[in-house]
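Participant: In UniProt numbering, the protein residues as written are 1 to 246.
Using N, Cα and C, we set each Cβ at its ideal position, and we do this for glycine too.
Below are the structure tokens for one structure; questions will follow.
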């Protein structure tokens, strides 16, 4: 059963929390996904079996939380996650970020390094609004976005495609983490499938090269796609959380 928290910005955020020992584990989901996905539920089951505290949430405009998806942007979703973490957890947490959630986890880590015990990125997608979306748009798409305020791009995960707004792109430029120093003073594990066409391995390699981290490991899984949800992949996620929790 979900609980709800109203953020300082007035957004009503749904979350599920299970009690246990620290460091707690926080799952941060991807773009236009919700907290009921395979990875989130598997990690909650894993945490419960081991007596670990666990938290998952829906950003505004996602899942059970308030707001329309099109009204949101990266900064809003970072604020949502930080508000729930601040209100519902104590002490350092292990952040597990899937796709866009990896970017959000890196921003939280940059803002609150003392609250992060470790970080696990699953096909982490830092700066994707700029480096994947904007960079990949045609001249016509860019023009339509700037003039009309939104376009819809096709997606394998949503029948109607993804609505992309001018605000999402422009606000995302204020959130980039690969253009400035990125100190990560805690263990980091990056998990990446070689068959991921949404966030290719080159992104993980760029993040690994850019981050200032004394204990960072990247694991490439041959044939794994963006979902990274096979039993073997799910076991790797749990093992990575164990590693960075020590």
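Output the distance between the C-alpha atoms of residue 221 and residue 118, rounded to the nearest integer angstrom.
Facilitator: As a working note, residue 221 is residue 221 in the chain shown. As a working note, residue 118 is residue 118 in the chain shown. Taking the straight line from one Cα to the other gives about 21 Å.
Participant: Around the C-beta of residue 10, are 16 or more other C-beta atoms found within 10 angstroms, so that it is buried, or is it exposed?
Facilitator: On the chain shown, residue 10 is found 10 positions in, with the first residue counted as 1. Exposed: under 16 other Cβ atoms inside 10 Å.
Participant: Assign residue 154 to buried or exposed, taking buried as 16 or more other Cβ atoms, counted over all protein chains shown, within 10 Å of its Cβ.
Facilitator: As a first step, residue 154 must be located in the chain shown, where it is residue number 154. Its Cβ having fewer than 16 others within 10 Å, residue 154 is exposed.
Participant: Mind pulling the alpha helix (DSSP H) runs of 4 or more residues that sit fully within the segment 193-220?
Facilitator: 201-210
Participant: Return helix, strand or coil for residue 132, following the three-state DSSP convention.
Facilitator: Looking up residue 132 in the chain shown gives position 132. It is helical.
Participant: Please say whether residue 120 and residue 237 have beta carbons closer to each other than 8 Å?
Facilitator: Looking up residue 237 in the chain shown gives position 237. Looking up residue 120 in the chain shown gives position 120. In this structure, residue 120 lies closer than 8 Å to residue 237 by Cβ.
Participant: Return the first residue and the last residue of the beta strand (DSSP E) that residue 14 is part of.
Facilitator: Taking the first residue of the chain shown as position 1, residue 14 is located at position 14. Segment 12-18, the beta strand (DSSP E) holding residue 14.
Participant: Are the beta-carbon atoms belonging to residue 172 and residue 230 less than 8 Å from one another?
Facilitator: Taking the first residue of the chain shown as position 1, residue 172 is located at position 172. Taking the first residue of the chain shown as position 1, residue 230 is located at position 230. In this structure, residue 230 does not lie closer than 8 Å to residue 172 by Cβ.
Participant: Going by DSSP, what residues sit across from residue 150 in a beta bridge?
Facilitator: Position 150 of the chain shown, counted from the first residue, corresponds to residue 150. Partner(s): 165.
Participant: Between the Cα of residue 185 and the Cα atoms of 179, 168, 92, which residue gives the shortest distance?
Facilitator: As a first step, residue 185 must be located in the chain shown, where it is residue number 185. Of 179, 168, 92, the residue nearest in Cα terms is 92.
Participant: Within this structure, are the beta carbons of residue 195 and residue 224 separated by less than 8 Å?
Facilitator: The residue you call residue 195 lines up with position 195 of the chain shown. The residue you call residue 224 lines up with position 224 of the chain shown. Cβ atoms of residue 195 and residue 224: closer than 8 Å.
Participant: Would you call the CB atoms of residue 94 and residue 26 closer than 8 Å?
Facilitator: Walking along the chain shown from the start, residue 94 turns up at place 94. Walking along the chain shown from the start, residue 26 turns up at place 26. Yes, these two residues count as a Cβ contact at 8 Å.
Participant: If we call anything under 8 Å between Cβ atoms a contact, is residue 122 one with residue 158?
Facilitator: For the purposes of this step, residue 122 is taken as the residue at position 122 of the chain shown. For the purposes of this step, residue 158 is taken as the residue at position 158 of the chain shown. No, the pair does not count as a contact, with Cβ atoms beyond the cut-off.
Participant: In this structure, how does DSSP classify residue 181 when only helix, strand and coil are distinguished?
Facilitator: For the purposes of this step, residue 181 is taken as the residue at position 181 of the chain shown. Coil, per DSSP.
Participant: For the UniProt domain "Serine aminopeptidase S33" (41-137), list the beta strand (DSSP E) runs that are entirely contained and at least 3 residues long, ordered along the chain.
Facilitator: 52-57, 93-98, 116-122
Participant: Mapping the DSSP letters down to three states, classify residue 142 as helix, strand or coil.
Facilitator: As a first step, residue 142 is located in the chain shown; it is residue number 142 there, counting from the start. The answer is helix: DSSP assigns residue 142 an H, G or I state.
Participant: By the DSSP assignment, the alpha helix (DSSP H) with residue 231 in it spans what residues?
Facilitator: Reading the chain shown from its first residue, position 231 is the one you call residue 231. Per DSSP, residue 231 belongs to the alpha helix (DSSP H) from 231-245.
Participant: For the candidate residues 71, 74, 13, 178, whose alpha-carbon lies nearest to that of residue 55?
Facilitator: By one-based count along the chain shown, residue 55 stands at place 55. Measuring from the Cα of residue 55, the nearest candidate turns out to be 13.
Participant: Closer than 8 Å is the cut-off here; do at least three beta carbon pairs connect the segment 64-74 with the segment 208-217?
Facilitator: no
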